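The numbering of the sequence shown is the numbering used here, which starts it at 988 and goes up by one.
Even glycine gets a Cβ: it sits at the ideal position worked out from N, Cα and C.
The structure presented is a predicted model; accordingly, all values stated were derived computationally and were not measured.
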Amino acid sequence: MTESEIEIIQTERFGEIKVPKKEILFFPEGLLGFAEMKRYVFIEETAYAPFLWMQSLEDPHLCFVVVNPLEFLASYQIDVKPVEIQSLELNDLNQARILSIVVVREDPALITANLQGPLIINPATCQGKQVVLLTDRYHTRHYILQEAGQLQSEAPDTRGE
């Protein structure tokens, strides 16, 4: 990769990182509460899977933890207006990457995910947006471990097979 295809950024958490320009995410409207921060990159660390870091390229101190909500809530579905999908150049949500912002706490039982304000990302264009779901089914502070425990208890027991 040539220097023109790489952007070097300084971050508080990861130090200096080299980001391939084709992997830079762009949120034209920013995120809720962070409208001026529009460019991010995913940083994957296998030790934290299935969680990802979403590092701002404009603020070295701003880094979110995100996760695919289906990892802990198999029934998670979002319903958004067609204009929301079209603005990301998507034909339908099946083409999108859906993520939730996570709040990590010292006590793992208190870790929450914002299921009411998911991130929708077009993987082909790296464009994204945060939408607010108009439903009382999901909350901004959804307890992940509680849902993951329910997901495990619903899984079939295959140990004897």
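Coarse secondary structure for residue i, derived from DSSP in three states
| i | result |
| --- | --- |
| Asn1081 | helix |
| Lys943 | There is no way to answer for residue 943, as the model of the chain reaches only from 988 to 1148. |
| Ser991 | helix |
| Ile1098 | coil |
| Ile1065 | coil |
| Gln1139 | Interpretation of Gln1139 is limited by its pLDDT of 48, a score under 50 that renders its predicted location unreliable; no figure is taken from the coordinates. |
| Leu1086 | strand |
| Gly1002 | strand |
| Leu1132 | helix |
| Gln1103 | coil |
CB contact flag (residue i, residue j, <7 Å)
| i | j | result |
| --- | --- | --- |
| Ala1100 | His1126 | no |
| Phe1051 | Gly1115 | no |
| Glu1003 | Leu1060 | no |
| Val1054 | Met1041 | no |
| Glu999 | Arg1026 | no |
| Leu1012 | Gly1104 | no |
| Ile1085 | Val1091 | no |
| Glu992 | Lys1008 | yes |
| Ser1087 | Pro1047 | no |
| Ile1065 | Leu1121 | no |
| Glu1016 | Val1028 | no |
Neighbour-count burial assignment, residue i, 16 or more Cβ in a 10 Å radius
| i | result |
| --- | --- |
| Glu1148 | Note that Glu1148 has pLDDT 44, beneath the 50 cutoff, so the model's placement of it is unreliable and no number is given. |
| Ser1062 | exposed |
| Val1070 | exposed |
| Gln1117 | buried |
| Ala1036 | exposed |
| Pro1095 | exposed |
| Leu1102 | buried |
| Ile995 | exposed |
| Ala1083 | buried |
| Lys1068 | exposed |
Every unbroken beta strand (DSSP E) within the segment 1011-1056, with a cutoff of 3 residues, ordered by chain | If we require 3 residues or more, the beta strand (DSSP E) runs fully inside the segment 1011-1056 come out as 1026-1030, 1039-1043 and 1050-1054.
Would you check if there are 3 or more beta carbon pairs closer than 8 Å linking the segment 1094-1113 to the segment 1066-1080?
-> With the cut-off at 8 Å, the segment 1094-1113 and the segment 1066-1080 touch.
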